[in-house]
Amino acid sequence: MESLTFSQLELESTILDAVKRQGYTTPTPIQAQSIPVLMHGSDMLGTAQTGTGKTAAFVLPLLDRLIKNPRQPETSANPAREPAHNRNGRNSRDSRRRPVKPARPEALILAPTRELAIQIGDSLQKYGSGSGLKHTVIYGGAPKPSQAAKLRNNPDILAATPGRLMDFVGEGLIDLTGIRVLILDEADRMLDMGFIPEMRKIAAMAEDRDQTVLFSATMPREIESLAQELLTNPERVAIAPQEVTVDRITQTVLHLDREDKTKLLPALIRDHNMFRVIIFTRTKHRATRVAKLLSKAEIPADAIHGDRTQGQRQRALEGFRRGKIQALVATDVASRGIDVDDVSHVINFEIPNEAESYVHRIGRTGRAGTEGIAIALCARDEIKDLRAIERLLGSPIVVNRDHEFHQEPPRSQGRSGNTSGGGGRQKSRNRFNDSRPGRNKSGDNRQRRSGNDSFGGTNRTTGGRPGGGTGNSRGRTRAARSFSS
Numbered sequence: 001m002e003s004l005t006f007s008q009l010e011l012e013s014t015i016l017d018a019v020k021r022q023g024y025t026t027p028t029p030i031q032a033q034s035i036p037v038l039m040h041g042s043d044m045l046g047t048a049q050t051g052t053g054k055t056a057a058f059v060l061p062l063l064d065r066l067i068k069n070p071r072q073p074e075t076s077a078n079p080a081r082e083p084a085h086n087r088n089g090r091n092s093r094d095s096r097r098r099p100v101k102p103a104r105p106e107a108l109i110l111a112p113t114r115e116l117a118i119q120i121g122d123s124l125q126k127y128g129s130g131s132g133l134k135h136t137v138i139y140g141g142a143p144k145p146s147q148a149a150k151l152r153n154n155p156d157i158l159a160a161t162p163g164r165l166m167d168f169v170g171e172g173l174i175d176l177t178g179i180r181v182l183i184l185d186e187a188d189r190m191l192d193m194g195f196i197p198e199m200r201k202i203a204a205m206a207e208d209r210d211q212t213v214l215f216s217a218t219m220p221r222e223i224e225s226l227a228q229e230l231l232t233n234p235e236r237v238a239i240a241p242q243e244v245t246v247d248r249i250t251q252t253v254l255h256l257d258r259e260d261k262t263k264l265l266p267a268l269i270r271d272h273n274m275f276r277v278i279i280f281t282r283t284k285h286r287a288t289r290v291a292k293l294l295s296k297a298e299i300p301a302d303a304i305h306g307d308r309t310q311g312q313r314q315r316a317l318e319g320f321r322r323g324k325i326q327a328l329v330a331t332d333v334a335s336r337g338i339d340v341d342d343v344s345h346v347i348n349f350e351i352p353n354e355a356e357s358y359v360h361r362i363g364r365t366g367r368a369g370t371e372g373i374a375i376a377l378c379a380r381d382e383i384k385d386l387r388a389i390e391r392l393l394g395s396p397i398v399v400n401r402d403h404e405f406h407q408e409p410p411r412s413q414g415r416s417g418n419t420s421g422g423g424g425r426q427k428s429r430n431r432f433n434d435s436r437p438g439r440n441k442s443g444d445n446r447q448r449r450s451g452n453d454s455f456g457g458t459n460r461t462t463g464g465r466p467g468g469g470t471g472n473s474r475g476r477t478r479a480a481r482s483f484s485s
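The C-terminal residue of the sequence shown carries number 485 in the UniProt record's numbering, and the numbering is unbroken.
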């Protein structure tokens, strides 16, 4: 079966030109599944991990929709609504002295963090620069005046974090009644951060929208309930995280005593040319300690976790993207805001106690059609968690014994490992030398397709059994460059 190309998706010409300028020809599985659904105008519930091309999966059809169906000029018959805080009398003196016409965007993309909102803004700029559409990004932890000034340009698309958006709505600077498309990205993370009430309020203010899209890496009960509340007959698109894991990432595990991890780590990074590596720890305290350890070993490093300020996190990410920081140490929660290509290695300094977290972690490498390397450092008390990961993957992870701290794991806790075992694509005994190649719905707009492509939670799942994937998607990944922007 031939690979689907972007030109076959019938995207507007300026968008296709932008995609070509980036060097992409073939959509990733999540893009190939989502773009036709969203271009049709259906509501959608998507399950996909970071690094699958999820952002472009909703940005491209959104741009296409707004270009092909431009904003209608406001008339006396269809005026912008007066901000609620002026209608109820508050700040009336300020309104008389300096009338403020609120921004009235047509599309709203809600994101949990500043980093993700900025990433979405970058994608809008990259693919929408020739469209004539305007976009603005607002988020907490940054001065309000500069963001408020950008809102005066009345952007067509607004990417925002919930807290800052609600602030500006309350101040009468944003009117959400003109929203036609509402996109909720990383909804499970917004759940973790306590933003569900804000999400409901925002959706209620955008009650006249035509399309609602919800993406989530996981689908807990609360998100399922929210989707039932906000979406109308959604189509479901799901990309199994294991496909990302098995296709392009070489995995190995090193067994050693816990106290030897800090002794091995600096040499591991230096000796094996890890030019851009993410190191995962279980706790914020240990992330800070590991970053300091590497800095003392003259390896440029920084940590990103929940105790760091937005500014500190942003500086660390920018330094990592630009190559000033070689090693970024992160906790699982903080890592969800990382969107950096060309990560050469991922090191699990500590084995996660949830097998799915391992999949999320190593998915930071092997992106955009390139290959990556994932290394796990496993102490004896972590073997149980390692075995759970191997059960999820469907095969053992290859053991690398070629280091001075190797400790054979006790057989009583599981397989001792074998360098010739079936856990990966073994190319040499020392795997570190492998280098990378690199609401109110309008009836006219809401007609559903007949057959299996229609309503009510149609499942479009790519992937499946770990280690198996699907032949078509795997072939497509290797045959042409797909992208993960």
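The C-beta atom is built at its ideal place from N, Cα and C for all residues, glycine as well.
Computed from a predicted model, the values in this text were never measured in an experiment.
{"Query": "Distance between Q125 and residue 498 (C-alpha atoms, nearest Å)", "Result": "The structure shown has nothing for residue 498, since the chain only spans 1 to 485."}
{"Query": "Simplified DSSP assignment, three categories, for E382", "Result": "helix"}
{"Query": "Buried or exposed (CB count within 10 angstroms, at least 16 for buried), R97", "Result": "Summary for R97: the model assigns pLDDT 48, below 50, so the residue's position carries little reliability; its value from the coordinates is reported in the next sentence. Flag for R97 reads exposed."}
{"Query": "Inter-residue Cα distance where the pair is L116 and I338", "Result": "8 Å"}
{"Query": "Distance, E186 Cα to E404 Cα", "Result": "42 Å"}
{"Query": "The segment 128-139 touching the segment 157-172, judged by at least three CB pairs closer than 8 Å", "Result": "yes"}
{"Query": "For E404, the three-state DSSP class (helix, strand or coil)", "Result": "coil"}
{"Query": "First through last residue of the alpha helix (DSSP H) which encompasses F320", "Result": "Q310 to R322"}
{"Query": "S131 and L63 closer than 7 Å at C-beta", "Result": "yes"}
{"Query": "Residue ranges of each alpha helix (DSSP H) within the segment 131-204, 4 or longer", "Result": "144-151, 162-170 and 187-192"}
{"Query": "Close beta carbons around G417, own chain, < 6 Å, minus the five adjacent residues each side", "Result": "Interpretation of G417 is limited by its pLDDT of 39, a score under 50 that renders its predicted location unreliable; the figure taken from the coordinates is listed afterwards. These residues qualify, in order along the chain: V399."}
{"Query": "Contact between the segment 147-159 and the segment 99-119 (3+ Cβ pairs under 8 Å)", "Result": "yes"}
{"Query": "Closest residue to I183 among P112, T250 and S146 (Cα-Cα distance)", "Result": "P112"}
{"Query": "Cβ-based neighbour list, F275, same chain, cut-off 7 Å, excluding 5 preceding and 5 following", "Result": "Q326 and S344"}
{"Query": "Q33 vs V237 beta-carbon contact at 7 Å", "Result": "yes"}
{"Query": "Supposed close pair K108, L214 - CB separation, criterion 8 Å", "Result": "Residue identity differs from the one stated: residue 108 is Leu in this sequence, not Lys. Between L214 and L108 the Cβ distance is about 13 Å, and since that is not below 8 Å, they are no contact."}
{"Query": "Option in R200, I239, T288 and A267 with minimal Cα separation from A57", "Result": "I239"}
{"Query": "First and last residue of the uninterrupted beta strand (DSSP E) at L214", "Result": "Q211 to S216"}
{"Query": "Range of the contiguous alpha helix (DSSP H) that encloses R361", "Result": "A355 to I362"}
{"Query": "Collapsed DSSP secondary structure at A56 in the structure displayed", "Result": "helix"}
{"Query": "Beta-bridge partners of E12, as assigned by DSSP", "Result": "BP columns for E12 are empty, so no partner."}
{"Query": "The segment 220-238 / the segment 350-361 touching (three or more Cβ pairs under 8 Å)", "Result": "no"}
{"Query": "For G172, the nearest candidate out of R21, A148, D260 and T161 (CA to CA)", "Result": "A148"}
{"Query": "From H272, D271, E318 and S335, residue whose alpha carbon lies closest to that of F280", "Result": "S335"}
{"Query": "Through-space distance from M205 to S95, alpha-carbon basis", "Result": "For S95, the predicted model reports a pLDDT of 42, less than 50, meaning its position is unreliable; a value from the coordinates is still stated below. When rounded, the distance between both Cα atoms is 22 Å."}
{"Query": "Distance between D381 and R387 (C-alpha atoms, nearest Å)", "Result": "12 Å"}
{"Query": "6 Å CB neighbourhood of T212 in its chain, flanking five on each side removed", "Result": "D43, L182, L230 and L231"}
{"Query": "Rounded straight-line distance, which links the Cα of P61 to that of L11", "Result": "7 Å"}
{"Query": "Of the residues P27, Q22, G369 and G311, the one placed nearest F6, counting alpha carbons only", "Result": "P27"}
{"Query": "Contact belief for A301 with S295 at Cβ below 8 Å, rounded distance in angstroms", "Result": "5 Å"}
{"Query": "Best match in R114, Q8 and Q22 for proximity to residue 546 [C-alpha to C-alpha]", "Result": "Since the first residue of the chain shown is 1 and the last is 485, residue 546 is not available in this structure."}
{"Query": "Outcome for Q31 when other beta-carbon atoms lying within 10 angstroms are tallied against a minimum of 16", "Result": "buried"}
{"Query": "Opening and closing residue of the beta strand (DSSP E) in which I279 lies", "Result": "V277 to F280"}
{"Query": "Buried/exposed call for K54, threshold 16 Cβ in 10 Å", "Result": "buried"}
{"Query": "Continuous alpha helix (DSSP H) stretch holding V290: start and end", "Result": "K284 to K296"}
{"Query": "Exposed unless 16 or more other CB atoms sit within 10 angstroms - verdict on D17", "Result": "exposed"}
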